[in-house]
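Let me begin by presenting the structure, written as structure tokens, before commenting on it.
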Amino acid sequence: MSFPVPGTLMIEPTESESLAEIDKFCNAMIAIKQEINQIADGSYEYEHSMLRNAPHTAEHAISSDWDLPYTREEAVYPLISAKDEKYWPPVGRIDGAYGDKTLSVVAQVLRNFKINLYSKLKG
Numbered sequence: 014m015s016f017p018v019p020g021t022l023m024i025e026p027t028e029s030e031s032l033a034e035i036d037k038f039c040n041a042m043i044a045i046k047q048e049i050n051q052i053a054d055g056s057y058e059y060e061h062s063m064l065r066n067a068p069h070t071a072e073h074a075i076s077s078d079w080d081l082p083y084t085r086e087e088a089v090y091p092l093i094s095a096k097d098e099k100y101w102p103p104v105g106r107i108d109g110a111y112g113d114k115t116l117s118v119v120a121q122v123l124r125n126f127k128i129n130l131y132s133k134l135k136g
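Just so we're on the same page, the working numbering is the position in the sequence shown counted from 1, plus 13.
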């Protein structure tokens, strides 16, 4: 996946991806679109939607403090087909897009490290 133009997503499956994996990805995209439609038609408010609150941690799913308009099962298994391969994220969202911005800073530091390492080897 890449983001070649602001506000867009480009997906290029490779030969290494099986048809089953591509089907799982497509099903996930369809489920996300259905969640968007639920917000658009007023079934859920954005602030209380699965999209806004994902990912749901195990700690959140089992806590007695559950006041969301969807079930815990919908929260942790948005695709029933993924039940056998559930990954439990250790944390929920971390400051929106901050992580993406931080990655570019980290990449800059790594690039400087390579330059410095090359300079030391050369000199």
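Idealized CB from N, CA, C, for every residue including glycine. Since this is a predicted model, take the numbers as computed values, not measurements.
Going by other Cβ atoms of all chains shown within 10 Å of its Cβ, with 16 needed for buried, is residue i buried or exposed?
i   : result
S15 : exposed
E28 : exposed
E25 : exposed
Who are residue i's beta bridge partners in DSSP?
i   : result
M23 : S15
Nearest by alpha-carbon distance to residue i: which of the options is it?
i    : options               : result
P103 : H69, D36 and D78      : H69
G105 : E86, L92, L64 and G20 : L64
E72  : W101, I49 and K96     : W101
S94  : W79, F38, A67 and I49 : F38
H61  : M42, S76, Y83 and N40 : Y83
State yes or no: is the C-beta of residue i within less than 8 Å of the C-beta of residue j?
i   : j   : result
Y59 : Q51 : no
L92 : A44 : yes
A88 : L81 : yes
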